[in-house]
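Peer 1:
2 protein chains.
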Amino acid sequence: MRIVIAGFGTVGRGFAEVLQMKSDLLSSLDDKIKIVAAFDSKSYVTDADGLDPLILVKRKKDTGSVGSDAMKEGTDVLDSVEYDVLVDTSPTDIRTGGDGLRYIEHALKHGKDVITVNKGPLALKFRELNELAEKNGAVLRFEGSVGGAMPIINLCAENLKGERVRSIRGIFNGTCNFILSRMDTGLPFEQALREAQQLGYAESDPSYDIEGIDTACKVVILANSIFSRDVTFSDVSITGITSVSAEAIALASDHDMVIRLIGEVSDTVLEVSPRLIPKGHPLSVSGTLNTAQIITDLAGPITVSGRGAGRIETASAILSDLIAIIDRRR
Amino acid sequence: MRIVIAGFGTVGRGFAEVLQMKSDLLSSLDDKIKIVAAFDSKSYVTDADGLDPLILVKRKKDTGSVGSDAMKEGTDVLDSVEYDVLVDTSPTDIRTGGDGLRYIEHALKHGKDVITVNKGPLALKFRELNELAEKNGAVLRFEGSVGGAMPIINLCAENLKGERVRSIRGIFNGTCNFILSRMDTGLPFEQALREAQQLGYAESDPSYDIEGIDTACKVVILANSIFSRDVTFSDVSITGITSVSAEAIALASDHDMVIRLIGEVSDTVLEVSPRLIPKGHPLSVSGTLNTAQIITDLAGPITVSGRGAGRIETASAILSDLIAIIDRRR
Chain A
92 MRIVIAGFGT VGRGFAEVLQ MKSDLLSSLD DKIKIVAAFD SKSYVTDADG LDPLILVKRK
152 KDTGSVGSDA MKEGTDVLDS VEYDVLVDTS PTDIRTGGDG LRYIEHALKH GKDVITVNKG
212 PLALKFRELN ELAEKNGAVL RFEGSVGGAM PIINLCAENL KGERVRSIRG IFNGTCNFIL
272 SRMDTGLPFE QALREAQQLG YAESDPSYDI EGIDTACKVV ILANSIFSRD VTFSDVSITG
332 ITSVSAEAIA LASDHDMVIR LIGEVSDTVL EVSPRLIPKG HPLSVSGTLN TAQIITDLAG
392 PITVSGRGAG RIETASAILS DLIAIIDRRR
Chain B
92 MRIVIAGFGT VGRGFAEVLQ MKSDLLSSLD DKIKIVAAFD SKSYVTDADG LDPLILVKRK
152 KDTGSVGSDA MKEGTDVLDS VEYDVLVDTS PTDIRTGGDG LRYIEHALKH GKDVITVNKG
212 PLALKFRELN ELAEKNGAVL RFEGSVGGAM PIINLCAENL KGERVRSIRG IFNGTCNFIL
272 SRMDTGLPFE QALREAQQLG YAESDPSYDI EGIDTACKVV ILANSIFSRD VTFSDVSITG
332 ITSVSAEAIA LASDHDMVIR LIGEVSDTVL EVSPRLIPKG HPLSVSGTLN TAQIITDLAG
392 PITVSGRGAG RIETASAILS DLIAIIDRRR
């Protein structure tokens, strides 16, 4: 299995580290597994004989670039190597789908399997990308795009294949959940946000998280992949957490409730909004974990939780997709 | 796919109902799926052309017997039909493995795939049964044996195949958790137990649950299947909940803790005991749900919860194993 890593940022680097950490396991599943290309926004590197993951990681750390050659068009890099799987970890662009969208389309058109954790292409062009994959006999997997290391996409599509999933409600943004959890202790929004920024949970421009955009992307991916809907980002009714006041949280607490930013999806619902959740409910959790409650016809409620972000955690979701692709090819 | 249902009690009946409910889905995966035999302790029925699940369910309800013929030796029933999968739902016998053990061994010896929810055979003879399956090219699956509808066995073995699972700690017995949750509100043990019995959560002889035996069986199954250990029921250090006092619970509560019956398994630990759990921790949940926290090397903590018992819920776990077997054969 010949792998190309597109977008060698935090997650791409984490994935290279994971390939190294799990080299014994992976070679036992596929003795020809190797990275044949890697690129970021500034540089690229290719080697048909296989690149050493640790050298890529080190070069990126030392120089800020994964490759030794100045970047050309990413699709040209893809055309210049023989490969089997594109691992797209390029940054999310929710307006256009960004570079990732072009890379994914290019790979699928050429019948290559794709693993992506990039929410932009999936939230904007899910149906088109899946049709492209199907038409060209390729596989598109994206476990890490929703909930990071929390198992949900493959769990629903594979383990729960016999169930009819009636609804999914969940906490899909650890930054918002951290802020709301801190507000539970009496902090005002601005202070909780500042704390999240100081701890590295929130970006200096936190709007993508706190306005509910990130959660909306995930809700769209779940709607299309688990509920076979054909919706896009603009179809989601979105309310973020910026207008959640300390007073509202105190009032909720008086009634043994907390406020959490919940993404909800079913055959008819597609919504992101702050909701009152009874204390003790699976969705009343505090901190940065992601949590989802999946309601099915036979099993009833199934709840899953896990780390929604993080270099190695997100890479672990890519690894699970990679192993599924290897198993499928055997 | 020709199915034999052994042990047509609550879960066997639930599985027949599920086969009927999901007949469209199942026929789309395998157009030759049918039940060719079913038996309980008193009776059996076979039909190479396929038995109607609803007639089986009705006869069992009306007469207490699934079949029209008086039961002979179960392995003789197995020998009298051509079949592909044995679904064993016979009752758990933790001393000898019971009838289920003989049926499973018989099926595996003849190269038939087996799905079981019967903890006895798995807790007593896990290694032997797996070796038998491997030797004869058969598959042994048992998702429903731990946690009912809570996904855990296949999640660890398949979705998390790339992870090294470091430990699993969980609430694997809904009856005990119900009793302890009620004790959180101030009820003494005896009264909470009586309530559980009145609600049908606990048997008239509740020792199997409250002495931790049921949880120990599940811990053994996890140890053997997820941690590749070779342990049996007698290897588990077991303390039940019978000596948990109202005073201990009140004292725990003063320190913002609850007491829960936790099964823990790792490469070195194999234990069932009441533990202090901080309120707000994923394992501090109340009620009859099962919950497990899986700690892995890459993903960190992953928590799952679901209904640990119930006719349709346990049958849903059998369905997921059945679909995996169908997919594997395609």
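Going line by line, the protein sequences match chains A and B. Residue numbers for the first sequence follow this note's numbering, beginning at 92 and rising by one. Residue numbers for the second sequence follow this note's numbering, beginning at 92 and rising by one. Note that beta-carbon positions come from the ideal geometry of N, C-alpha and C, so glycine has one too.
Would you identify the three-state DSSP class for M348(A), choosing helix, strand or coil?
Peer 2: Looking at M348(A) - three-state DSSP - the assignment turns out to be strand.
Peer 1: Which residues in the same chain as L380(B) place their Cβ atom closer than 6 Å to its Cβ, once the five residues preceding and following it in sequence are excluded?
Peer 2: S396, listed in sequence order.
Peer 1: Pick from V256(B), K163(B), I409(B) and V136(B): whose alpha carbon is nearest that of R150(B)?
Peer 2: Of V256(B), K163(B), I409(B) and V136(B), the residue nearest in Cα terms is V136(B).
Peer 1: Could I get the ranges of all uninterrupted alpha helix (DSSP H) runs contained in the segment 109-186 of chain B, with 4 residues as the minimum, in chain order?
Peer 2: Complete alpha helix (DSSP H) runs here, min 4: 114-120, 144-154 and 165-170.
Peer 1: For L389(A), count neighbouring C-beta atoms within 10 Å of its own C-beta (all shown protein chains included) and say buried if the count is 16 or more, exposed if not.
Peer 2: Its Cβ being crowded by 16 or more others within 10 Å, L389(A) is buried.
Peer 1: Nearest by alpha-carbon distance to R257(A): which of Q111(A), V109(A) and D358(A) is it?
Peer 2: It is D358(A).
Peer 1: Within this structure, are the beta carbons of P144(B) and E108(B) separated by less than 8 Å?
Peer 2: In contact: P144(B) and E108(B) (Cβ atoms closer than 8 Å).
Peer 1: For D305(B), which of helix, strand or coil comes out of DSSP?
Peer 2: Three-state result, D305(B): helix.
Peer 1: Rounded to whole angstroms, what's the CA-CA distance from D138(B) to A415(B)? Just pull it up for me.
Peer 2: Whole-angstrom Cα-Cα distance: 25 Å.
Peer 1: Could you check whether I350(A) and A343(A) sit closer than 8 Å to each other, using their CB atoms as the reference points?
Peer 2: Closer than 8 Å, so yes.
Peer 1: Can you list the residues of chain B that M241(A) reaches, using a CB-CB cut of under 8 Å?
Peer 2: Within chain B, the residues near M241(A) are I393.
Peer 1: Taking 8 Å as the threshold (beta carbon to beta carbon), is V172(B) in contact with chain A?
Peer 2: So no, V172(B) is outside the interface.
Peer 1: Given that E254(B) touches chain A, what residues does it touch there, using C-beta distances under 7 Å?
Peer 2: Those within 7 Å of E254(B) in chain A are S407.
Peer 1: Within the same chain, show all residues whose beta-carbon is closer than 8 Å to that of K125(A), passing over the 5 residues directly before and after it, in chain order.
Peer 2: M92, R93, I94, D140, G141 and L142.
Peer 1: Which residues in chain A sit within 8 Å of E225(B), going by Cβ to Cβ distance?
Peer 2: Result: empty, since nearest Cβ-Cβ is about 17 Å, beyond 8 Å.
Peer 1: Identify whether P392(A) lies in helix, strand or coil by the three-state DSSP scheme.
Peer 2: Three-state result, P392(A): strand.
Peer 1: Using C-beta distances below 6 Å, list every residue in its chain close to G103(B), excluding the 5 sequence neighbours before and after it, in chain order.
Peer 2: The answer, listed in chain order, is I96 and T180.
Peer 1: Please list the residues of the segment 347-376 of chain A that have a C-beta atom closer than 8 Å to any C-beta atom in chain B, keeping them in chain order.
Peer 2: Correct list: G371, P373 and V376.
Peer 1: In whole angstroms, what separates the C-alpha of L352(A) from that of N268(A)?
Peer 2: Going by the C-alpha atoms only, they are around 7 Å apart.
Peer 1: Please return the same chain residues whose Cβ sits closer than 6 Å to the Cβ of S375(B), not counting the five positions on each side in sequence.
Peer 2: Excluding residues within five positions, the ones whose Cβ falls inside 6 Å are V349 and I368.
Peer 1: From L199(A) to S272(B), what does the alpha carbon distance come to, in whole angstroms?
Peer 2: Their backbone Cα atoms lie some 52 Å apart in a straight line.
Peer 1: Enumerate in chain order the residues of its own chain whose CB-to-CB distance from R255(A) is below 6 Å, with the five nearest sequence positions on each side excluded.
Peer 2: Taken in chain order, the residues that qualify are D388.
Peer 1: Between F99(A) and L147(A), is the Cβ-Cβ spacing less than 8 Å?
Peer 2: Against a cut-off of 8 Å, the Cβ pair of L147(A) and F99(A) comes out as a contact.
Peer 1: Whole angstroms is fine: what's the gap from Y292(B)'s alpha carbon to T266(B)'s?
Peer 2: Roughly 6 Å separates the two Cα atoms.
Peer 1: Straight-line CA distance for L413(B) to I206(B)?
Peer 2: Each residue's alpha carbon lies about 7 Å from the other.
Peer 1: Near I244(A), what residues of its chain come up, given a Cβ to Cβ distance below 7 Å and the 5 sequence neighbours on each side ignored?
Peer 2: Correct list, in chain order: F233, E234, V237 and S316.
Peer 1: Let me see if you follow: with CB-CB separation under 8 Å, is R398(A) close to chain B or not?
Peer 2: With 8 Å as the cut-off, R398(A) counts as an interface residue toward chain B.
Peer 1: Identify, in the order they occur along the chain, each residue of the same chain with its Cβ nearer than 6 Å to the Cβ of T183(A), setting aside the five sequence neighbours on each side.
Peer 2: Excluding sequence neighbours, T183(A) sits near N209, K210 and G211.
Peer 1: DSSP three-state label for T359(A), please.
Peer 2: In this structure, T359(A) counts as coil in the three-state DSSP scheme.
Peer 1: In whole angstroms, what separates the C-alpha of D392(B) from that of Q384(B)?
Peer 2: The identity of residue 392(B) in the sequence shown is Pro, whereas the question assumes Asp. Computed Cα separation, rounded: 6 Å.
Peer 1: Using the three-state DSSP reduction, which class does D275(A) fall into: helix, strand or coil?
Peer 2: Helix.
Peer 1: Output the boundary residues of the beta strand (DSSP E) element that contains N381(A).
Peer 2: Here the beta strand (DSSP E) through N381(A) covers L380 to T387.
Peer 1: When you compare each of V322(A), A240(A) and E355(A) to G399(A) by their alpha carbons, which one comes out closest?
Peer 2: Ranking V322(A), A240(A) and E355(A) by Cα distance to G399(A) puts A240(A) first.
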